[in-house]
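A.B. asks:
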DNA sequence: ATCATATCTTAACTTTAGTGAACGAATAGC
DNA sequence: GCTATTCGTTCACTAAAGTTAAGATATGAT
């Protein structure tokens, strides 16, 4: 499991055994049961998450309805906005499946990055890459119809359609569950 | 004009005169006329832009139609996705107004960050902050109707409604110019 | 295994967005 | 200043999404 993290890091920087041991001493790795809520609306945290195996999901509670905005699966990272702004969270984060992940907080990041400046470089590269990827996702969302967005998801993350309940996918696509159901039956007829 | 950049940087790190001089030696500052296209579809670049005064806009050309996805105004930065992936750009970037901006490339970033590691820290902080902001924008977009998105824009960036042509705002809101026009007259009647 | 709950689908109806076309108004180029 | 183009609005029509409700299926808890 730890090797998964090291493999990921090696895409950006190379680690000495010494550096690996510092990471291992931090007690980063956690196993979380399906349904566990990692972060609640109104709660403060400065945790960051990195999914090694499984899936976590962020959602807002609007008029009593869950509105799912993101899924994070294998080798994806999330830092809740509230962790940076130090304000109460606007949304929930929960585990969709039994999940293995790392949980780190800003103190740990400060400490490690202070000790090994190359971690700053990695974080910079990784953040910039995430920012660009998310920008493209946003652009595609804006320039597509719900149907195109569904077909796009089918292409890009077919696994999600298997592992995620329909109604969560719907709000992820920016539509109601009924519309998604209708849209799908429309596509089958074609 | 240079002071604007230093003021911005000072939100993250403090600069010595030496460091400031290195930045000034890089010939970062440019004045660009309205309508100038900074980046074309199909073109490669590794430039990054930081707007000091004015406004730049990114847009796709889909079926001969411009689809605007972002506006960058005072104290906002953009690095085109193609600059990181080193692939041809999928979109255009052009100046909506006469604009003062800094243009840097990845070589310059490497050089400066190599010399002064604290720039890595700044970039890391800034990227993480941008990522969180953009995530929130995306979430709001997903969980809102076109009408709510318009009202939200009115609240958050009222300046854009003054300085940007209606049809560009429309695609920024993910709708057609006709729909925006209709939506606005619907709101007036209320 | 049973019951309660959650999930997915379907349907009828309402509301809103997309489309194509037409029209003045504003803008830019000559 | 005049003309051509672009821009914003309106209209009629079509297509799709939201809403409310109902029924069927699947899931989870005891």
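Protein chains in written order, with my numbering: chain A, 99 to 288; chain B, 99 to 288. C-beta: ideal position from N, C-alpha, C; glycine also. This structure is a prediction, so every number in the text was calculated from the model and none was measured.
Name the chain A residues that come within less than 8 angstroms of residue 226 of chain B, Cβ to Cβ?
C.D. replies: Within the second chain, numbered from 1, the residue matching residue 226 of chain B stands at position 128. In chain order: 177, 182, 221, 225.
A.B. asks: Looking at the strands, I want to know which residues DSSP matches up with residue 128 of chain B.
C.D. replies: Locating residue 128 of chain B in the second chain gives position 30, counting from the first residue. For residue 128 of chain B, which the question treats as bridged, DSSP gives the partners B:199.
A.B. asks: Are the beta-carbon atoms of residue 102 of chain B and residue 150 of chain B separated by less than 8 angstroms?
C.D. replies: The count along the second chain starts at 1 and reaches residue 102 of chain B at position 4. The count along the second chain starts at 1 and reaches residue 150 of chain B at position 52. Yes, the Cβ-Cβ distance between residue 102 of chain B and residue 150 of chain B is below 8 angstroms.
A.B. asks: Check each candidate in B:165, B:118, B:109 and name the one with the smallest Cα separation from residue 317 of chain B.
C.D. replies: No answer is possible for residue 317 of chain B: the residues shown for chain B start at 99 and end at 288.
A.B. asks: Could you tell me which of A:217, A:182, A:170 sits nearest to residue 197 of chain A, measuring between CA atoms?
C.D. replies: The residue labelled residue 197 of chain A in the question sits at position 99 within the first chain. Taking only the C-alpha atoms, the option nearest residue 197 of chain A is A:170.
A.B. asks: Between which two residues does the alpha helix (DSSP H) carrying residue 214 of chain A extend?
C.D. replies: Reading the first chain from its first residue, position 116 is the one you call residue 214 of chain A. That residue, residue 214 of chain A, is in no alpha helix (DSSP H); it is neither H nor E in DSSP.
A.B. asks: Quick test of the definition: if touching needs 3 or more C-beta pairs under 8 angstroms, does the segment 242 to 262 of chain A touch the segment 172 to 179 of chain B?
C.D. replies: Taking 8 angstroms as the limit for Cβ pairs, the verdict is that the segment 172 to 179 of chain B does not touch the segment 242 to 262 of chain A.
A.B. asks: I need the boundaries of the alpha helix (DSSP H) containing residue 137 of chain A, first residue and last residue.
C.D. replies: Here residue 137 of chain A refers to the residue found at position 39 when the first chain is read from its first residue. Counting along the chain, residue 137 of chain A falls outside any alpha helix (DSSP H), though it belongs to the beta strand (DSSP E) covering 135 to 137.
A.B. asks: Thinking residue 222 of chain A and residue 225 of chain B are a contact (beta carbons under 8 angstroms), I'd like their distance in whole angstroms, please.
C.D. replies: Within the first chain, the letter at position 124 stands for residue 222 of chain A. Within the second chain, the letter at position 127 stands for residue 225 of chain B. Going by Cβ atoms, the distance from residue 222 of chain A to residue 225 of chain B rounds to 6 angstroms, so yes, they are a contact pair.
A.B. asks: Determine the chain A residues that contact residue 232 of chain B at a beta-carbon separation under 8 angstroms, and present them in chain order.
C.D. replies: Counted from its first residue, the second chain places residue 232 of chain B at position 134. By Cβ distance, chain A contributes 229, 232, 233, 236.
A.B. asks: I'd like to know if the segment 190 to 208 of chain B and the segment 130 to 141 of chain B are in contact, where contact means that at least 3 CB-CB pairs between them fall below 8 angstroms.
C.D. replies: The segment 190 to 208 of chain B vs the segment 130 to 141 of chain B: in contact.
A.B. asks: Check whether the segment 122 to 129 of chain A touches the segment 182 to 190 of chain A, counting contact only when three or more Cβ pairs, one atom from each stretch, lie closer than 8 angstroms.
C.D. replies: No, because fewer than three Cβ pairs between the segment 122 to 129 of chain A and the segment 182 to 190 of chain A fall closer than 8 angstroms, the two stretches do not touch.
A.B. asks: I'd like the list of long-range same chain contacts for residue 139 of chain A, defined as Cβ closer than 7 angstroms, with 5 residues on each side in sequence excluded.
C.D. replies: Working through the first chain from its first residue, we reach residue 139 of chain A at position 41. Answer for residue 139 of chain A: 159, 187, 188, 189, 190, listed in chain order.
A.B. asks: Could you work out which residues of chain A lie near residue 160 of chain B, taking near to mean beta carbons separated by less than 9 angstroms?
C.D. replies: Taking the second chain and counting its residues from 1, the one referred to as residue 160 of chain B is at position 62. The contacting residues are 241.
A.B. asks: Assuming residue 150 of chain A is part of the beta strand (DSSP E), what are its boundary residues?
C.D. replies: For the purposes of this step, residue 150 of chain A is taken as the residue at position 52 of the first chain. Per DSSP, residue 150 of chain A belongs to the beta strand (DSSP E) from 145 to 151.
A.B. asks: Taking a cut of 8 angstroms between CB atoms, which residues from the segment 192 to 219 of chain B lie near chain A?
C.D. replies: The residues in question are 211, 215, 218, 219.
A.B. asks: Buried or exposed: which applies to residue 215 of chain B, given that a residue is buried once 16 or more other Cβ atoms fall within 10 Å of its Cβ?
C.D. replies: Numbered from 1 along the second chain, position 117 holds the residue referred to as residue 215 of chain B. The residue is exposed, with fewer than 16 neighbouring Cβ atoms inside 10 Å.
A.B. asks: Just curious, the beta strand (DSSP E) that residue 174 of chain A is in, first and last residue?
C.D. replies: Within the first chain, the letter at position 76 stands for residue 174 of chain A. First-last of the beta strand (DSSP E) with residue 174 of chain A: 174 to 176.
A.B. asks: Using a Cβ-Cβ cut-off of 6 angstroms (strictly less than) and excluding sequence neighbours within five positions of residue 270 of chain B, which residues of its own chain qualify?
C.D. replies: Position 172 of the second chain, counting from 1, holds the residue named residue 270 of chain B. Cβ within range, chain order: 166.
A.B. asks: What are the start and end residues of the alpha helix (DSSP H) that includes residue 284 of chain B?
C.D. replies: Within the second chain, numbered from 1, the residue matching residue 284 of chain B stands at position 186. That run of the alpha helix (DSSP H) goes 275 to 287.
A.B. asks: Answer yes or no: do residue 54 of chain B and residue 218 of chain A have a C-beta to C-beta separation smaller than 8 angstroms?
C.D. replies: This structure cannot speak to residue 54 of chain B, because chain B is shown only from 99 to 288.
A.B. asks: Identify whether residue 190 of chain B lies in helix, strand or coil by the three-state DSSP scheme.
C.D. replies: Here residue 190 of chain B is taken as the residue at index 92 of the second chain, counted from 1. Looking at residue 190 of chain B - three-state DSSP - the assignment turns out to be strand.
A.B. asks: Below 7 angstroms on C-beta distance, what does residue 272 of chain B contact in chain A?
C.D. replies: Sequence index remark: in the second chain, residue 272 of chain B carries index 174 (1-based). Ordered by position in chain A, the residues that pass the 7 angstroms Cβ test against residue 272 of chain B are 240.
A.B. asks: Closer than 7 angstroms, Cβ to any Cβ of chain B: which residues of the segment 139 to 165 of chain A, in chain order?
C.D. replies: Flagged, chain order: 158, 160, 165.
A.B. asks: Just mark residue 136 of chain B as buried or exposed, buried being the case when its beta carbon has 16 or more other beta carbons within 10 Å.
C.D. replies: Numbered from its first residue, the second chain carries residue 136 of chain B at position 38. That one is buried.
A.B. asks: What residue range is occupied by the uninterrupted beta strand (DSSP E) comprising residue 159 of chain A?
C.D. replies: Here the question's residue 159 of chain A lines up with position 61 in the first chain. Counting along the chain, the beta strand (DSSP E) containing residue 159 of chain A begins and ends at 154 to 160.
A.B. asks: Can you list, in chain order, the residues of its chain with a C-beta nearer than 8 angstroms to that of residue 184 of chain B? Leave out the 5 residues immediately preceding and following it.
C.D. replies: Counting from 1 along the second chain, the entry for residue 184 of chain B is found at position 86. Around residue 184 of chain B: 142, 144.
A.B. asks: The alpha helix (DSSP H) with residue 170 of chain B in it runs from where to where?
C.D. replies: Taking the second chain and counting its residues from 1, the one referred to as residue 170 of chain B is at position 72. From DSSP, residue 170 of chain B is part of no alpha helix (DSSP H) but of the beta strand (DSSP E) over 163 to 170.
A.B. asks: So which residues on chain A does residue 185 of chain B lean against when the C-beta distance must stay under 7 angstroms?
C.D. replies: The residue given as residue 185 of chain B occupies position 87 in the second chain. The premise fails here: residue 185 of chain B is roughly 11 angstroms from chain A at the closest Cβ pair, so nothing lies under 7 angstroms.
A.B. asks: Could you give the DSSP three-state label for residue 262 of chain A: helix, strand or coil?
C.D. replies: Position 164 of the first chain holds residue 262 of chain A. Looking at residue 262 of chain A - three-state DSSP - the assignment turns out to be coil, as it is neither helix nor strand.
A.B. asks: Beta-carbon of residue 171 of chain A versus every beta-carbon of chain B: anything under 8 angstroms?
C.D. replies: By 1-based counting over the first chain, the position of residue 171 of chain A is 73. Answer no: the Cβ-Cβ gap between residue 171 of chain A and chain B never drops below 8 angstroms.
A.B. asks: Classify residue 114 of chain A as helix, strand or coil using the three-state DSSP reduction.
C.D. replies: Here residue 114 of chain A corresponds to residue number 16 of the first chain, with the count starting at 1. Residue 114 of chain A falls in the coil class under three-state DSSP.
A.B. asks: Considering residue 253 of chain B, what are the terminal residues of the alpha helix (DSSP H) in which it resides?
C.D. replies: Translated into the one-based positions of the second chain, residue 253 of chain B becomes position 155. Where residue 253 of chain B is concerned, the enclosing alpha helix (DSSP H) stretches over 244 to 254.
A.B. asks: So what's residue 207 of chain B in DSSP terms, helix, strand or just coil?
C.D. replies: Here residue 207 of chain B is taken as the residue at index 109 of the second chain, counted from 1. Three-state result, residue 207 of chain B: helix.
A.B. asks: So, with DSSP's three-state summary, where would you put residue 100 of chain B?
C.D. replies: Sequence index remark: in the second chain, residue 100 of chain B carries index 2 (1-based). Correct three-state label for residue 100 of chain B: helix.
A.B. asks: Ends of the alpha helix (DSSP H) at residue 271 of chain B?
C.D. replies: Translated into positions along the second chain, residue 271 of chain B becomes position 173. Careful: residue 271 of chain B lies outside any alpha helix (DSSP H) and carries neither H nor E.
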